[in-house]
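Using UniProt numbering, read the sequence shown as starting at 1 and increasing by one per residue. For every residue, glycine included, the Cβ atom is placed at its ideal position computed from N, Cα and C. What follows is a single structure, written as structure tokens, with notes after it.
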Amino acid sequence: MKPSASTLPASPAASPIQAVLFDLDDTLWAIEPVLVRAETLLYDWLRQHAPAVAAAHTIASLRERRMALMQTDPAYRINLWKLRHTALSEVFREHDVDLALVDPAMALFSEARSTVALFDDVEPALLRLKGKLTLGSVSNGFADLERIGLAGHFGVSIAAHRFGRAKPDPAIFHAACEALQVAPGATVYVGDDPLLDVQGAQQAGLKAVWMNRFGRVLPEDIRPDAVCRDLHELHDWLEAQSAA
1 MKPSASTLPA SPAASPIQAV LFDLDDTLWA IEPVLVRAET LLYDWLRQHA PAVAAAHTIA
61 SLRERRMALM QTDPAYRINL WKLRHTALSE VFREHDVDLA LVDPAMALFS EARSTVALFD
121 DVEPALLRLK GKLTLGSVSN GFADLERIGL AGHFGVSIAA HRFGRAKPDP AIFHAACEAL
181 QVAPGATVYV GDDPLLDVQG AQQAGLKAVW MNRFGRVLPE DIRPDAVCRD LHELHDWLEA
241 QSAA
């Protein structure tokens with residue numbers, strides 16, 4: 001049985017925690033069903049508006065095209081919107097489809113990408129935390145927090161495709177801390193990815209909480225400051241930190 005965050009010892013803090021930054025995908029909502037739905041809606045749209053593309057490709061083969069394209073330019077690892085837009089443009093061009101259709105296709109996908117089901121704990125826990133700490137988000141994805149309804153909870157929200165750097169680059173964490181006017185050592189980053197979120201944040205000088213909603217196994221060389229299964233456990237851990 002995995003220990004809950006409330007049973008973990010409070011980690012030593014160089015300074016009191018003043019801010020909490022959140023990852024988004026698989027931290028505040030499950031991303032896989034969102035992407036499955038978004039890619040299905042896009043493929044249905046292609047059947048209607050770009051039938052030559054739909055006839056030549058499946059959802060899986062379009063994904064393979066994107067993965068291959070990602071290897072050609074490091075920028076595509078940072079800007080996932082640009083990756084999808086470029087991949088669609090290439091395949092439209094190959095099948096003599098009007099390139100003017102790429103933007104509406106991306107608009108449809110982007111809207112679906114931001115139609116998410118928040119985990120049940122997210123909104124009540126954010127409201128509790130917001131009254132005590134400064135909150136923000138840092139993400140490598142391109143979800144629209146205004147559309148999702150979470151933008152008002154955060155003092156800053158940085159997306160890699162707009163910032164120009166992606167996790168685990170320390171610069172993206174430092175930019176969020178600077179925007180909130182909080183030192184990295186007084187900031188906690190909360191995310192599901194051991195390398196991008198936990199190791200990346202710690203190497204940038206932040207504390208890191210691993211959000212393990214799905215019972216995953218943590219690599220032995222990754223040592224988060226705490227492990228939580230939901231934001232209520234995060235709240236309890238933060239309370240313990242403030243009392244330590």
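What residue from the options has the CA that sits closest to residue i's CA?
| i | options | result |
| --- | --- | --- |
| P194 | E146, S89, R216 and R162 | R216 |
| D144 | A176, R162, E220 and I172 | R162 |
| D197 | L21, D73 and P104 | L21 |
| residue 245 | L83, N140, P74 and A38 | Because the chain in this structure spans residues 1 to 244, residue 245 falls outside the shown range and cannot be described. |
| E239 | V188, L206 and I222 | V188 |
| T134 | V122, C177, I158 and A107 | C177 |
| N140 | P124, F154, I158 and E123 | I158 |
Please report how far the alpha carbon of residue i lies from the alpha carbon of residue j, in whole angstroms.
| i | j | result |
| --- | --- | --- |
| P219 | L101 | 43 Å |
| E111 | V36 | 13 Å |
| Q48 | D169 | 41 Å |
| G152 | G131 | 13 Å |
| K167 | L24 | 12 Å |
| V138 | A117 | 19 Å |
| L126 | L150 | 9 Å |
| F119 | F214 | 12 Å |
| A171 | A160 | 10 Å |
| H95 | H57 | 11 Å |
| A204 | F173 | 7 Å |
| I31 | D230 | 16 Å |
| A175 | F142 | 17 Å |
| W45 | H85 | 15 Å |
| V156 | P224 | 23 Å |
| L129 | D221 | 30 Å |
| D26 | G164 | 22 Å |
| A60 | M67 | 11 Å |
| K207 | V97 | 49 Å |
Quick one: what's got a C-beta closer than 7 Å to residue i's C-beta in the same chain, skipping five residues either side?
| i | result |
| --- | --- |
| R147 | S114 |
| Y76 | L69, M70, K82 and L83 |
| S89 | L99 and V102 |
Contact check, residue i vs residue j under 8 Å by CB: the rounded distance?
| i | j | result |
| --- | --- | --- |
| residue 262 | G136 | With the chain running from 1 to 244 in the structure shown, residue 262 is simply not present. |
| L69 | A87 | 5 Å |
| S43 | A55 | A small correction: the amino acid at residue 43 is Tyr; Ser does not occupy that position in the sequence shown. Their Cβ separation, rounded to whole angstroms, is 12 Å, which puts Y43 and A55 out of contact at 8 Å. |
Can you tell me whether residue i is buried or exposed, with buried defined as 16 or more other CB within 10 angstroms of its CB?
| i | result |
| --- | --- |
| P184 | buried |
| D192 | buried |
| Q202 | buried |
| A244 | exposed |
Below 6 Å CB to CB, which residues in the same chain sit around residue i once its five sequence neighbours on both sides are set aside?
| i | result |
| --- | --- |
| G200 | K167 and P168 |
Identify, in the order they occur along the chain, each residue of the same chain with its Cβ nearer than 8 Å to the Cβ of residue i, setting aside the five sequence neighbours on each side.
| i | result |
| --- | --- |
| H41 | Note that residue 41 is Leu in the sequence shown here, rather than His. Cβ within range, chain order: L108, F109 and A112. |
| R63 | E39 |
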